[in-house]
Amino acid sequence: MKKNLFILIVLVCTLFVYNTAFSQGNTTPDFTNLNDPAVTCYYGSFSDPFQSEGIVNGRHTLITSQGYDIETGSQLPYLPPGENKIIRLGNSNTGSQAEAIRYRFKVDYFKSVLLLKFAVVFEDPGHPSYQQPRFTVRVTDLNGQLVESCAEYDVTAAGDIPGFNSYGSTRWRPWTNVGIDLSPYIGSEIIVEFITKDCDQSGHFGYAYFTASCIQNNLDVTSCNGNDITLNA
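In terms of this note's numbering, the sequence shown is numbered consecutively and its last residue is 218.
Shown next, in the form of structure tokens:
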């Protein structure tokens, strides 16, 4: 009896410590809620997207209804399959503008896979690459170190970018899904950043659409009547 009571006390204390740890600091955010405590919006210029803090109408935009991006010849849908709201970062205006959104939160034990979905639209002026419209997404620890080697996607406008389509001088990437395993960082805080830039010479645009979520890293499968199941990834 005493042994069982001791085990029960240990289990209760473990759960208390675990819940307390995850109640402190930022929890997994709603990536489409720009007013979430874990979210910070920034705006600035090509040289410094983090120049000022705040939400700017038309530069940090929540989209909740389906439509098509006219800069891509109406080929890119606003909403990817399975989503009913996304964020557009930047716009088709020019002026060497740049925008950023930063998410800072603790990795949840039960949802330790970060699923990113993004699409990108560039006007390609043919400048040197360091002056071209740009899109960056990266996932780091609090020291700015990437959580894994492929946790950064950084691309500038060009006529031959892998994964992009062309519509006149517009280069656009269809909706793309990327999963990142954050299980080594369970209980620790990480930072997810999205950054968009117009061209440095101020005459051409760059913007992106995105959403994200934290999901379980396991797959539940139910077989009907014992039939075989084939899974394709």
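By construction, the Cβ of each residue, glycine as well, lies at the ideal position given by its N, Cα and C atoms.
* **Cβ contact (3+ pairs, closer than 8 Å) linking the segment 183 to 203 and the segment 92 to 103** => Short answer: they touch.
* Whole-number beta carbon distance between Ile86 and Ile72, since they are thought to touch under 8 Å -> Contact annotation, Ile72 with Ile86: C-beta distance approximately 7 Å; criterion of less than 8 Å satisfied.
* Asked: Candidates Ile180, Thr13, Gly67, Ile40: which alpha carbon is nearest Asn162's?
  -> Ranking Ile180, Thr13, Gly67, Ile40 by CA distance to the CA of Asn162 puts Gly67 first.
* Put Glu108 into one of helix, strand or coil per three-state DSSP. => For Glu108, the secondary structure class from DSSP, reduced to helix, strand or coil, is strand.
* To do: On the DSSP bridge assignment, give the partners of Asn150 in chain order.
  => Trp157.
* The beta strand (DSSP E) with His45 in it runs from where to where? -> Membership of His45 in the beta strand (DSSP E) is indicated by the continuous run 45 to 48.
* Asked: When the distance is taken between beta carbons, is Val122 closer than 8 Å to Glu56?
  -> Cβ atoms of Glu56 and Val122: not closer than 8 Å.
* Between which two residues does the beta strand (DSSP E) carrying Ala85 extend? -> Secondary structure note for Ala85: its beta strand (DSSP E) is the uninterrupted segment 82 to 91.
* Looking only at its own chain, which residues have a Cβ that is under 6 Å from the Cβ of Pro65, when we skip the five neighbours before and after it? -> For Pro65, same chain residues with a beta-carbon under 6 Å away, outside a window of 5 residues either side, are Lys102, Trp160 in chain order.
* Does the separation of the CB atoms of Tyr152 and Tyr63 fall below 8 Å? -> A distance of 8 Å or more separates the beta carbons of Tyr152 and Tyr63.
* Asked: What residue range is occupied by the uninterrupted beta strand (DSSP E) comprising Phe195?
  -> Phe195 -> beta strand (DSSP E) spans 191 to 200.
* Note the first and the last residue of the continuous beta strand (DSSP E) segment covering Ile180. => 174 to 182 is the extent of the beta strand (DSSP E) around Ile180.
* Which residue comes first and which comes last in the beta strand (DSSP E) that contains Asp185? -> Annotation for Asp185: no beta strand (DSSP E) segment contains it, and DSSP assigns it neither H nor E.
* Hey, quick one: how far does the beta strand (DSSP E) through Glu68 stretch, first residue to last? -> It is not in any beta strand (DSSP E) - Glu68 carries neither H nor E in the DSSP assignment.
* Taking Thr46 as the reference, which of Val24, Ser30, Pro34, Asn76 has the closest Cα? -> Comparing Cα positions, the closest option is Asn76.
* Residues in its own chain within less than 7 Å of Phe35 by CB, not counting five upstream and five downstream? -> Tyr27, Gly29, Ala85, listed in sequence order.
* Asked: What number of angstroms, rounded off, separates the C-alpha of Glu137 from the C-alpha of Gly129?
  -> Each residue's Cα considered, the two are about 12 Å apart.
* Reducing DSSP to helix, strand and coil, say where Gly10 ends up. => Confidence at Gly10 is low in this model, with a pLDDT of 48, below 50, so its placement is unreliable and no value can be given for it.
* Asked: For Ile175 versus Asp126, is the C-beta spacing smaller than 8 Å?
  -> With contacts defined as CB atoms closer than 8 Å, Ile175 and Asp126 qualify as a contacting pair.
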